[in-house]
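If you read the protein sequences in the order shown, they are chains A and B. Residue numbers for the first sequence follow my numbering, so the first one is 8 and each next one is one higher. Residue numbers for the second sequence follow my numbering, so the first one is 282 and each next one is one higher.
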Amino acid sequence: LEMPAEKDEL
Amino acid sequence: MNLFRLVADLSHLASIFILLHKIQTTRSCRGISIKTQLLYVLVFVTRYLDLFTGDFVSIYNSVMKLFFIGSSCYIIYLMRIKYKPTNDPSIDTFRLEYILGPTAVLALIFNYKFTFLEVLWAFSIYLEAVAILPQLFMLQRTGEAETITTHYLAALGIYRGLYIPNWIYRYFTEGGAIDPIAVVAGIVQTALYVDFFYVYFTKVLQGQKFELPA
Chain A
8 LEMPAEKDEL
Chain B
282 MNLFRLVADL SHLASIFILL HKIQTTRSCR GISIKTQLLY VLVFVTRYLD
332 LFTGDFVSIY NSVMKLFFIG SSCYIIYLMR IKYKPTNDPS IDTFRLEYIL
382 GPTAVLALIF NYKFTFLEVL WAFSIYLEAV AILPQLFMLQ RTGEAETITT
432 HYLAALGIYR GLYIPNWIYR YFTEGGAIDP IAVVAGIVQT ALYVDFFYVY
482 FTKVLQGQKF ELPA
């Protein structure tokens with residue numbers, strides 16, 4: 008699994 | 282940022298304004314579970330610690346985080362102090378330990394890194410997924426709800442529902458990136474609203490009162 012580049016979800 | 286995500290966040294904002302409007306205009310927090318609202322404070326505080334660690338994302342992101350922390354604390358102030366007499370703890374009886382215990386254990390086991398911040402972040406994700414349970418439990422117990430309260434829940438449900446197409450969109454536009462903790466918890470969270478939305482669509486949006494079958 009590749010994680011999203013940044014945790015930008017609120 | 283994609284359209285699903287933007288509308289989801291706006292729906293989340295709307296839900297908070299609907300709740301504030303309900304409390305201020307009726308001068309009452311009747312029908313609102315303070316346990317769910319306390320859980321949201323905990324969700325936001327544990328998730329947004331990155332505000333203080335220098336992991337800056339964007340102005341939008343930081344402003345929203347501060348708004349969610351501030352407004353959730355303000356709602357607690359309204360419920361616990363300003364309109365305290367309208368808060369009836371005898372129907373808000375969901376046991377918080379049934380939520381806090383399992384989500385804390387889950388966070389300790391399933392996290393991206395065994396560090397203080399990452400465990401708290403995972404905890405906040407699991408906690409948010411089930412934070413609505415005391416509210417839904419209360420609704421189930423009383424069997425009815427003020428229309429404005431159902432609009433509040435609908436806005437929250439739309440917010441959660443739209444995160445799913447947002448992840449699908451991001452999966453295809455960000456090279457197959459996926460955040461399994463957020464996605465699994467998010468699907469569980471959205472599923473919790475299914476029963477509510479059935480009654481909301483078949484009754485409230487047809488102009489009837491929100492009433493559960495006896």
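Quick reminder that beta carbons are idealized off the backbone N, C-alpha and C, glycines included.
Given residue i as reference, the closest of the options once Cα atoms are compared
i, options, result
"Asp460 (chain B)", "B:Leu437, B:Phe404 and B:Tyr393", "B:Tyr393"
"Leu284 (chain B)", "B:Tyr341, B:Tyr450 and B:Gly456", "B:Tyr450"
"Ala295 (chain B)", "B:Leu434, B:Phe391, B:Leu408 and B:Pro415", "B:Leu434"
"Leu417 (chain B)", "B:Thr471, B:Gly457, B:Thr384 and B:Phe391", "B:Thr471"
"Gln318 (chain B)", "B:Arg286, B:Met360 and B:Asn342", "B:Met360"
"Gly424 (chain B)", "B:Ala495, B:Tyr329 and B:Ile297", "B:Ala495"
"Ser353 (chain B)", "B:Phe482, B:Leu287, B:Phe298 and B:Leu414", "B:Phe298"
Where residue i falls: helix, strand or coil (DSSP)
i, result
"Ala458 (chain B)", "strand"
"Glu13 (chain A)", "coil"
"Phe497 (chain B)", "With chain B running from 282 to 495 in the structure shown, residue 497 (chain B) is simply not present."
"Ala388 (chain B)", "helix"
"Ala426 (chain B)", "strand"
"Ile413 (chain B)", "coil"
"Tyr474 (chain B)", "coil"
"Gly467 (chain B)", "helix"
"Arg286 (chain B)", "helix"
"Gly438 (chain B)", "helix"
Inter-residue Cα distance where the pair is residue i and residue j
i, j, result
"Glu13 (chain A)", "Val338 (chain B)", "8 Å"
"Asp373 (chain B)", "Ser314 (chain B)", "6 Å"
"His432 (chain B)", "Ile356 (chain B)", "17 Å"
"Gly382 (chain B)", "Glu399 (chain B)", "18 Å"
"Val464 (chain B)", "Arg441 (chain B)", "11 Å"
"Val344 (chain B)", "Ser371 (chain B)", "36 Å"
"Tyr379 (chain B)", "Asn447 (chain B)", "30 Å"
Same chain only: Cβ atoms within 8 Å of residue i, ignoring 5 sequence neighbours per side
i, result
"Arg484 (chain B)", "For clarity, residue 484 (chain B) is Lys in the given sequence; the question names Arg instead. Taken in chain order, the residues that qualify are Lys490, Phe491 and Glu492."
"Ile468 (chain B)", "Ile445"
Same chain only: Cβ atoms within 7 Å of residue i, ignoring 5 sequence neighbours per side
i, result
"Tyr364 (chain B)", "Ile304, Arg308, Ser309 and Cys310"
"Met324 (chain B)", "Per the sequence shown, residue 324 (chain B) should be read as Val rather than Met. Same-chain partners within the cutoff: Ser405, Leu408, Glu409 and Ala412."
"Gly438 (chain B)", "Tyr474, Phe477 and Phe478"
Neighbourhood of residue i by C-beta distance below 6 Å, restricted to the same chain and skipping five residues each side
i, result
"Glu427 (chain B)", "Gly312"
"Pro429 (chain B)", "The question names Pro, yet the displayed sequence has Ile at residue 429 (chain B). Contacts found: Lys303."
"His293 (chain B)", "Tyr440"
Minimum Cβ-Cβ distance from residue i to chain C less than 7 Å
i, result
"Glu455 (chain B)", "In the displayed structure, chain C is absent; the protein chains listed are A and B."
- [ ] Counting only runs of 4+ residues fully inside the region 324-407 of chain B, write out the alpha helix (DSSP H) ranges in chain order.
- [x] List check, alpha helix (DSSP H) in window: 340-358 and 378-390.
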